[in-house]
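Q: First the structure, which I've put down as structure tokens, then a few questions once you've had a look.
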Amino acid sequence: MSSGIRFESVSVAYGKNVVLDSLDLTVEPGEVMALLGPSGSGKTTALRAVAGFVKPASGRVFIGERDVTALPPYRRGIGMVVQQYALFPHLRVEDNVAFGLKAQKVDKAEIPARVAEALEMTGMASYAKRYPRELSGGQQQRVAIARALAIRPNVLLLDEPLSALDAQLRSGMLAELARLHRELPDVSILYVTHDQVEALTLADRIAVMDKARLQDCGTPQELYRRPRTEFTASFVGNANLLPVQVGAAGVRFDGVELSVDTQGAAEGASATLCVRPHLVGLGEGPNALRGTISEVQWRGSTHRLYVEVGEGRHRVKADVRELRETPVLGEDVVLHFAAEDAVLLGAGVSGG
Amino acid sequence: MLVHSRTGKWATWVVFFLLFLPLFALPLLVILTASFSTHWSGAFPSGPTVENYGAAVRGESLQALTTSLVTALAASVLALTFGSWAALAAAALKKGGKRALDALFMLPVAVPSVVVGLAVLVAFSQPPFLLNGTRWIVILAHTILVTAFAYQSVSAAIVRLDPMYEQAAASLGARPSYVLWRVKLPLLLPSLNAAAGLCFALSMGELSATMMLYPPDWMPLPVQIFTATDRGSLFAGSAVAVVLMGTTLLVLLAVSRIRTKASFR
Numbered sequence: 001m002s003s004g005i006r007f008e009s010v011s012v013a014y015g016k017n018v019v020l021d022s023l024d025l026t027v028e029p030g031e032v033m034a035l036l037g038p039s040g041s042g043k044t045t046a047l048r049a050v051a052g053f054v055k056p057a058s059g060r061v062f063i064g065e066r067d068v069t070a071l072p073p074y075r076r077g078i079g080m081v082v083q084q085y086a087l088f089p090h091l092r093v094e095d096n097v098a099f100g101l102k103a104q105k106v107d108k109a110e111i112p113a114r115v116a117e118a119l120e121m122t123g124m125a126s127y128a129k130r131y132p133r134e135l136s137g138g139q140q141q142r143v144a145i146a147r148a149l150a151i152r153p154n155v156l157l158l159d160e161p162l163s164a165l166d167a168q169l170r171s172g173m174l175a176e177l178a179r180l181h182r183e184l185p186d187v188s189i190l191y192v193t194h195d196q197v198e199a200l201t202l203a204d205r206i207a208v209m210d211k212a213r214l215q216d217c218g219t220p221q222e223l224y225r226r227p228r229t230e231f232t233a234s235f236v237g238n239a240n241l242l243p244v245q246v247g248a249a250g251v252r253f254d255g256v257e258l259s260v261d262t263q264g265a266a267e268g269a270s271a272t273l274c275v276r277p278h279l280v281g282l283g284e285g286p287n288a289l290r291g292t293i294s295e296v297q298w299r300g301s302t303h304r305l306y307v308e309v310g311e312g313r314h315r316v317k318a319d320v321r322e323l324r325e326t327p328v329l330g331e332d333v334v335l336h337f338a339a340e341d342a343v344l345l346g347a348g349v350s351g352g
Numbered sequence: 001m002l003v004h005s006r007t008g009k010w011a012t013w014v015v016f017f018l019l020f021l022p023l024f025a026l027p028l029l030v031i032l033t034a035s036f037s038t039h040w041s042g043a044f045p046s047g048p049t050v051e052n053y054g055a056a057v058r059g060e061s062l063q064a065l066t067t068s069l070v071t072a073l074a075a076s077v078l079a080l081t082f083g084s085w086a087a088l089a090a091a092a093l094k095k096g097g098k099r100a101l102d103a104l105f106m107l108p109v110a111v112p113s114v115v116v117g118l119a120v121l122v123a124f125s126q127p128p129f130l131l132n133g134t135r136w137i138v139i140l141a142h143t144i145l146v147t148a149f150a151y152q153s154v155s156a157a158i159v160r161l162d163p164m165y166e167q168a169a170a171s172l173g174a175r176p177s178y179v180l181w182r183v184k185l186p187l188l189l190p191s192l193n194a195a196a197g198l199c200f201a202l203s204m205g206e207l208s209a210t211m212m213l214y215p216p217d218w219m220p221l222p223v224q225i226f227t228a229t230d231r232g233s234l235f236a237g238s239a240v241a242v243v244l245m246g247t248t249l250l251v252l253l254a255v256s257r258i259r260t261k262a263s264f265r
């Protein structure tokens, strides 16, 4: 049975407030799709529409080939993990994991083995007899994942599953989730997050959402290396966005000629040039920009320099390898970047 | 602590006892003392005895105690069932409907219980619902009076119940009825338990509506105490009152023990 998720112009509104505006999106069977966006962008609403907890005002939701728009949540065959774990506090870990199996009237003889399997998969087998309150946050989240996997769903919905964990635990759980996905290649995963690192690490494709709309969708590499909009550029990774004029063989930024691939943009048009901060170098080089340092942040392995460039005093961020001597504020410096590291964003694109 | 200085703490305690003792403890203490006496003409009672208790735990009084216990138990169970049911239904309603239901269940609390008693008396004195003269009319009146409290405490607990549990259960394929029995009710258990205790205590002490309704063969303990003191048997009445107080406290203690277990799970 194929198990993708398909949104067909799904809109959700609370009264007059549109929280999801005609979303069209397909998650292929076995694919991890990250819904990435700031809070209030409609990403959680989209997930809840798949789960059945919000009713679309229009449009249809498919799981596999089945139109589930009108089905109640308990008939959709999904697994869901939420940020606050939502483990049943009155049940032991094993009973939490067995809950879905009992509710779906799985053969009683089969349940213990499937509970053990799910707990084994998440490394929680030795905690079966504990109550949720006796577990740490990370352990509770593993149990929540085991509980969702025990019913062998075709579709797994993860709603900011790592947001309540501390940074170190989060990167560990990220690796766990990636491993789980390798072990369960048929399960489609919809992963809602506001954290670009989680999305870039885990997702096969990322759907970028903002202001109730789908802004962009593509593989992490596409979105990171060749963003199409300013919003994507600034939300998926960090970006310097420079207002430029398209010229004959490059672009003009604040009176400085920069040689970049103009991708056939019309000469004279206004556009935005996107350069990732870690691809900006300090010192003379191609596409040199002169300016003064306005702020320095030491981040351990790197220094982030904020440099005010040119007449317009545009702030350019540069992440450079840790410097022996911390630059002084107000110092004149030269920044440069390679032509192939810059991306020209479509003329007339606004936002971000 | 809000008060930090040593003298301030002492002063607070003194004020607390000055207010608390006369208002709450002293009346109860007086009844307790009276129940062990035969005369009370001076500042202190005289003629210490335990005979009052001899009468208070047998015969008519014992029967009244059983009557009260059965009435309170039945009323609590019924009130808890209907109250929780209504509270669960109200939670699923839209705002207007919920408000209407809230107001409806406020009525027995807002209206004096004498009025509720009279209403029940008038309503059930004629066929087809002829309950007057039977024990059922007492149980019915108590149920009506305490259902309001059951409804309110369960209603408040449902509001506090995080909907994510219900949603997690639904996403795991549990039907609404399964969610109710396996998730919602277990999570509401501490509140249901507290509501049960409250209903029981209120029903054990109900007098005004009961006075208008009780048949000769179903006289609850508060009525017994009232008639005893009305006849002038103040000390015998005190002993019965202490028995009523003790029994109620004992049941509440047992109920609260169950509650601690439920909330620690």
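The listed protein sequences derive, respectively, from chains A and B.
Be aware that the first sequence starts at 1, since it is given in full-length UniProt numbering, and climbs by one per residue.
Be aware that the second sequence starts at 1, since it is given in full-length UniProt numbering, and climbs by one per residue.
Backbone N, C-alpha and C define an ideal beta-carbon position, used for all residues, glycine too.
Remember, predicted model here, so these are calculated numbers, not experimental data.
(1) Between which residues of its own chain and Val246(A) is the CB-CB distance below 6 Å, once the five residues before and five after are set aside?
(2) Using 10 angstroms around the beta-carbon of Ser350(A), count the other beta-carbons present and answer buried if the total reaches 16, otherwise exposed.
(3) Less than 8 Å between the CB atoms is what I'm expecting for Leu177(A) and Ala34(A), so what's the real figure, rounded?
(4) Keeping to the same chain, check which residues put their C-beta closer than 6 Å to that of Val109(B); ignore five residues upstream and five downstream.
(5) Spell out whether any CB of chain B is found under 8 Å from the CB atom of residue 405(A).
(6) Could you pull the start and end residues of the beta strand (DSSP E) that His336(A) belongs to?
(7) Between Leu180(A) and Gln141(A), which are expected to be in contact by the criterion C-beta below 8 Å, what is the C-beta distance as a whole number of angstroms?
(8) Can you look up Tyr131(A) in the DSSP assignment and give me helix, strand or coil?
(9) Within the continuous alpha helix (DSSP H) that includes Ser155(B), where are the two ends?
(10) Using only alpha-carbon positions, find the residue among Asp195(A), Arg304(A), Leu273(A) that is nearest to Gly250(A).
(11) Rank Asp230(B), Gly232(B), Pro27(B), Ala241(B) by C-alpha distance to the C-alpha of residue 266(B) and give the top, closest one.
(12) Does any CB atom of chain A fall closer than 8 Å to the CB of Ser171(B)?
(13) Can you tell me whether Phe17(B) is helix, strand or coil according to DSSP?
(14) Determine, using beta carbons only, whether Ser233(B) and Thr71(B) come nearer to each other than 8 Å.
(15) Does any residue of chain B bring its CB to less than 8 Å from the CB of Val82(A)?
(16) Taking the straight line between their C-alpha atoms, what separation do you get for Pro185(A) and Ser171(B)?
(17) With DSSP run on the structure shown, which of helix, strand or coil describes Phe235(B)?
(18) If we ignore side chains and look at the alpha-carbon of each, how far apart do Leu252(B) and Ser3(A) end up?
(19) What would DSSP say about Asn240(A), mapped onto helix, strand or coil?
(20) Taking DSSP as the reference, what is the three-state secondary structure of Gly348(A)?
(21) Please state whether DSSP places Val106(A) in a helix, a strand or coil.
(22) Enumerate, from N- to C-terminal direction, the unbroken alpha helix (DSSP H) stretches of 4 or more residues contained entirely within the stretch 23-97 of chain A.
(23) Can at least three beta-carbon pairs, one atom from the stretch 149-160 of chain B and one from the stretch 206-224 of chain B, be found at a separation below 8 Å?
(24) Where do the N-terminal and C-terminal ends of the beta strand (DSSP E) with Gly218(A) fall, by residue?
(25) With distance defined between alpha-carbon atoms, name the residue in Arg225(A), Ser301(A), Val143(A) nearest to Leu344(A).
(26) Any beta carbon from chain B within less than 8 Å of Gln140(A)'s own beta carbon?
(27) Taking the alpha carbon of Arg304(A) as the point to measure from, which residue in Val328(A), Tyr14(A), Leu242(A), Arg313(A) has its own alpha carbon closest?
(28) With a cut-off of 8 Å, does the C-beta of Gly268(A) fall near any C-beta of chain B?
(29) Using the rule of at least 16 other Cβ atoms within 10 Å of the residue's Cβ for burial, across every protein chain shown, is Gly348(A) buried or exposed?
(30) Around the C-beta of Phe105(B), are 16 or more other C-beta atoms found within 10 angstroms, so that it is buried, or is it exposed?
(31) Cβ of Gly52(A) within 8 Å of Cβ of Leu71(A)?
(32) If we ignore side chains and look at the alpha-carbon of each, how far apart do Lys129(A) and Arg147(A) end up?
(33) What alpha helix (DSSP H) runs, 4 residues minimum, are completely inside the stretch 48-90 of chain B?
(34) Take the Cβ of Ala75(B) as the centre, count every other Cβ of all protein chains shown within 10 Å, and call the residue buried at 16 or more, exposed below.
(35) Could you give the uninterrupted runs of the alpha helix (DSSP H) lying entirely in the stretch 186-246 of chain B, keeping only those of 4 residues or more?
(36) On the three-pair Cβ rule with 8 Å, is the stretch 24-36 of chain B touching the stretch 3-11 of chain B?
A: Result, derived from the coordinates:
(1) Start at 1 with the first residue of the first sequence, and residue 246(A) comes out as number 246. The answer, listed in chain order, is Thr262, Ala265, Glu267, Ala269, Ala271.
(2) As a working note, residue 350(A) is residue 350 in the first sequence. For Ser350(A), the predicted model reports a pLDDT of 40, less than 50, meaning its position is unreliable and no value from the coordinates is stated.
(3) One-based indexing of the first sequence puts residue 177(A) at position 177. One-based indexing of the first sequence puts residue 34(A) at position 34. Actually they are not in contact, since the Cβ atoms of Leu177(A) and Ala34(A) sit about 11 Å apart, beyond 8 Å.
(4) On the second sequence, position 109 is the one that residue 109(B) refers to. Around Val109(B): Ala148.
(5) In this structure chain A extends from 1 to 352, so residue 405(A) is not present and cannot be described.
(6) Here residue 336(A) is taken as the residue at index 336 of the first sequence, counted from 1. From DSSP, the beta strand (DSSP E) with His336(A) extends over 332-336.
(7) If you number the first sequence from 1, residue 180(A) lands on position 180. If you number the first sequence from 1, residue 141(A) lands on position 141. Your pair Leu180(A) and Gln141(A) does not check out as a contact, with CB atoms roughly 12 Å apart and the cut at 8 Å.
(8) On the first sequence, residue 131(A) is found 131 positions in, with the first residue counted as 1. Look at Tyr131(A) here: in three-state DSSP terms it is coil, with no helix or strand label.
(9) Sequence index remark: in the second sequence, residue 155(B) carries index 155 (1-based). For Ser155(B), the enclosing alpha helix (DSSP H) begins and ends at 135-160.
(10) As a position in the first sequence, residue 250(A) is number 250, starting the count at 1. Checked all of Asp195(A), Arg304(A), Leu273(A); the closest Cα to Gly250(A) is Leu273(A).
(11) With chain B running from 1 to 265 in the structure shown, residue 266(B) is simply not present.
(12) Reading the second sequence from its first residue, position 171 is the one you call residue 171(B). Output row for Ser171(B): interface = yes.
(13) Here residue 17(B) refers to the residue found at position 17 when the second sequence is read from its first residue. Three-state result, Phe17(B): helix.
(14) In the second sequence, residue 233(B) corresponds to position 233, counting from 1. In the second sequence, residue 71(B) corresponds to position 71, counting from 1. Not in contact: Ser233(B) and Thr71(B) (Cβ atoms no closer than 8 Å).
(15) Mapped onto the first sequence, residue 82(A) falls at position 82. With a threshold of 8 Å between beta carbons, Val82(A) makes contact with chain B.
(16) For the purposes of this step, residue 185(A) is taken as the residue at position 185 of the first sequence. For the purposes of this step, residue 171(B) is taken as the residue at position 171 of the second sequence. The C-alpha of Pro185(A) lies about 21 Å from the C-alpha of Ser171(B).
(17) As a position in the second sequence, residue 235(B) is number 235, starting the count at 1. In the structure shown, Phe235(B) adopts helical secondary structure according to DSSP, grouped into three states.
(18) Working through the second sequence from its first residue, we reach residue 252(B) at position 252. Working through the first sequence from its first residue, we reach residue 3(A) at position 3. Roughly 54 Å separates the two Cα atoms.
(19) Counting from one through the first sequence, the residue named residue 240(A) turns up at place 240. Residue state, collapsed to three classes: strand.
(20) Position 348 of the first sequence holds residue 348(A). Confidence at Gly348(A) is low in this model, with a pLDDT of 46, below 50, so its placement is unreliable and the value that follows should be read with caution. Gly348(A) falls in the coil class under three-state DSSP.
(21) Here the question's residue 106(A) lines up with position 106 in the first sequence. It is coil, neither helix nor strand.
(22) If we require 4 residues or more, the alpha helix (DSSP H) runs fully inside the stretch 23-97 of chain A come out as 43-51.
(23) The stretch 149-160 of chain B is not in contact with the stretch 206-224 of chain B.
(24) Numbered from 1 along the first sequence, position 218 holds the residue referred to as residue 218(A). Residue range 213-218 is occupied by the beta strand (DSSP E) that includes Gly218(A).
(25) Along the first sequence, read from residue 1 onward, the residue named residue 344(A) stands at position 344. Looking only at Arg225(A), Ser301(A), Val143(A), the smallest Cα-Cα distance to Leu344(A) is reached by Arg225(A).
(26) Here the question's residue 140(A) lines up with position 140 in the first sequence. No - not a single Cβ of chain B is within 8 Å of the one on Gln140(A).
(27) Working through the first sequence from its first residue, we reach residue 304(A) at position 304. Comparing Cα positions, the closest option is Val328(A).
(28) Counting from one through the first sequence, the residue named residue 268(A) turns up at place 268. For Gly268(A), no Cβ of chain B is located within less than 8 Å of the residue's own Cβ.
(29) As a first step, residue 348(A) must be located in the first sequence, where it is residue number 348. Model confidence at Gly348(A) stands at a pLDDT of 46, short of 50, so the residue's coordinates are unreliable and nothing is read from them.
(30) Sequence index remark: in the second sequence, residue 105(B) carries index 105 (1-based). Buried, since its Cβ has 16 or more Cβ neighbours within 10 Å.
(31) Along the first sequence, one-based indexing puts residue 52(A) at 52. Along the first sequence, one-based indexing puts residue 71(A) at 71. Cβ distance < 8 Å, so Gly52(A) and Leu71(A) count as in contact.
(32) Counted from its first residue, the first sequence places residue 129(A) at position 129. Counted from its first residue, the first sequence places residue 147(A) at position 147. Distance from the CA atom of Lys129(A) to the CA atom of Arg147(A), rounded to whole angstroms, is 14 Å.
(33) Here the runs fully enclosed are 51-56.
(34) Your numbering for residue 75(B) matches position 75 in the second sequence. Its Cβ being crowded by 16 or more others within 10 Å, Ala75(B) is buried.
(35) Unbroken alpha helix (DSSP H) runs of no fewer than 4 residues, entirely contained in the stretch 186-246 of chain B, are found at 208-213, 221-231, following chain order.
(36) Touching, no.
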